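Novice: Numbering (this note's numbering), first residue to last: 354 to 596. Just so it is clear, CB atoms sit at the ideal spot from N, CA and C, and this is done for glycine as well. Since the structure is predicted, the reported quantities are computational estimates derived from the model, not experimental observations.
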Ligand SMILES: NC(=O)c1ccc[n+]([C@@H]2O[C@H](COP(=O)([O-])OP(=O)(O)OC[C@H]3O[C@@H](n4cnc5c(N)ncnc54)[C@H](OP(=O)(O)O)[C@@H]3O)[C@@H](O)[C@H]2O)c1
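(1) Check residue 523 in the structure and name its three-state DSSP category.
(2) Quick one, what's near ligand 1 if you take every residue whose CB is closer than 6 Å to any heavy atom, in chain order?
(3) Going by the beta-carbon positions, is the gap between residue 504 and residue 516 smaller than 8 Å?
(4) Can the beta-carbon of residue 466 be found closer than 8 Å to that of residue 570?
(5) Quick one: is residue 420 buried, meaning 16 or more other Cβ sit within 10 Å of its Cβ, or exposed?
(6) If you draw a straight line from the C-alpha of residue 480 to the C-alpha of residue 500, how long is it?
(7) Can you have a look at residue 394 and say buried or exposed, based on whether 16 or more other CB atoms are within 10 angstroms of its CB?
(8) For residue 511, which three-state DSSP category applies?
(9) Run through DSSP, which three-state label would residue 455 get?
(10) Go through the region 433-510 residue by residue and report every complete run of the alpha helix (DSSP H) that reaches 4 residues or more, in order.
(11) With contact counted as at least three CB pairs below 8 Å, one residue from each stretch, are the region 423-440 and the region 545-556 in contact?
(12) What residue range does the alpha helix (DSSP H) around residue 406 cover?
(13) Residues in the same chain with beta-carbon distance under 7 Å from residue 369, minus the five sequence neighbours each way, listed in chain order, please.
Given below as structure tokens:
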């Protein structure tokens, strides 16, 4: 009997949950608990960290999990590393459901940086109007660059902000190029800072930046150890039926 654990919080995880539920495969969907109202799922949901790789291994054991699919965001590297370690320790088959990274197109003006720290370094210059699209968890890192006027788009209204000069738009994707272009024009955006998340839901800001001729500081993905990876839900279903 298969009992699947989906490490979620992404569009890909949601699509997998739908497919798994339709097929009647026993599964649990796991959220980190970062947003106030996570999307409902057609599967039992658990919320919150497991307590490192050891905690995840214990969860796998206690809940008789037979397979784990890591469908977390490409920047959720700690969770992905923990899953590799816990699945190795418990000999549980692990696959990742991933999305391709964004690739620049003609007209894009991208400067690549390897990580958040390098993005912070790159913002050491004069004040600019910056669309900082890095998510709530990393705003603190940019507090050493208070000279800029920031546009932030967040899923929930933040209680406090580590940036003195910031405007918050509360919204949840997917977004459209036309709306993002209008937003950036209204804000007088001069630079977009983006993680290379991939996928379609958050791509609009890059299309809008291209249309407006704006530069993008593109934070490349963390590198993870080699693992079984799929890009399609159907491939995961196939893997579950022929492990
Ligand atoms: N990072 C992003 O840009 C981004 C964007 C969109 C959505 N998300 C989603 O938000 C969640 C957190 O991302 P993050 O970047 O903070 O991850 P992270 O830095 O890799 O994870 C930090 C810790 O959060 C817990 N955690 C993360 N994902 C979890 C999950 N799906 N279920 C249970 N616990 C989880 C784990 O705690 P323990 O060690 O205690 O187990 C993990 O060690 C992920 O589910 C991810 O898919 C992230």
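Specialist: According to the structure shown:
(1) Along the chain shown, one-based indexing puts residue 523 at 170. Correct three-state label for residue 523: strand.
(2) 360, 361, 362, 363, 383, 384, 385, 387, 402, 403, 404, 405, 408, 409, 425, 426, 428, 429, 430, 431, 432, 435, 488, 490, 548
(3) Taking the first residue of the chain shown as position 1, residue 504 is located at position 151. Taking the first residue of the chain shown as position 1, residue 516 is located at position 163. Cβ distance not < 8 Å, so residue 504 and residue 516 don't count as in contact.
(4) Here the question's residue 466 lines up with position 113 in the chain shown. Here the question's residue 570 lines up with position 217 in the chain shown. Yes, Cβ-Cβ distance for residue 466 and residue 570 is below 8 Å.
(5) By 1-based counting over the chain shown, the position of residue 420 is 67. Looking at its Cβ environment, which holds 16 or more other Cβ atoms inside 10 Å, residue 420 is buried.
(6) Translated into positions along the chain shown, residue 480 becomes position 127. Translated into positions along the chain shown, residue 500 becomes position 147. Their Cα atoms are separated by approximately 5 Å.
(7) Indexing the chain shown from 1 puts residue 394 at position 41. The residue is buried, with at least 16 neighbouring Cβ atoms inside 10 Å.
(8) Mapped onto the chain shown, residue 511 falls at position 158. If DSSP states are grouped into helix, strand and coil, residue 511 belongs with coil.
(9) As a first step, residue 455 must be located in the chain shown, where it is residue number 102. DSSP places residue 455 in coil when its eight states are reduced to three.
(10) 469-475
(11) yes
(12) Here the question's residue 406 lines up with position 53 in the chain shown. 405-415 is the extent of the alpha helix (DSSP H) around residue 406.
(13) Translated into the one-based positions of the chain shown, residue 369 becomes position 16. Answer for residue 369: 359, 422, 424, 450, 586, 589, listed in chain order.
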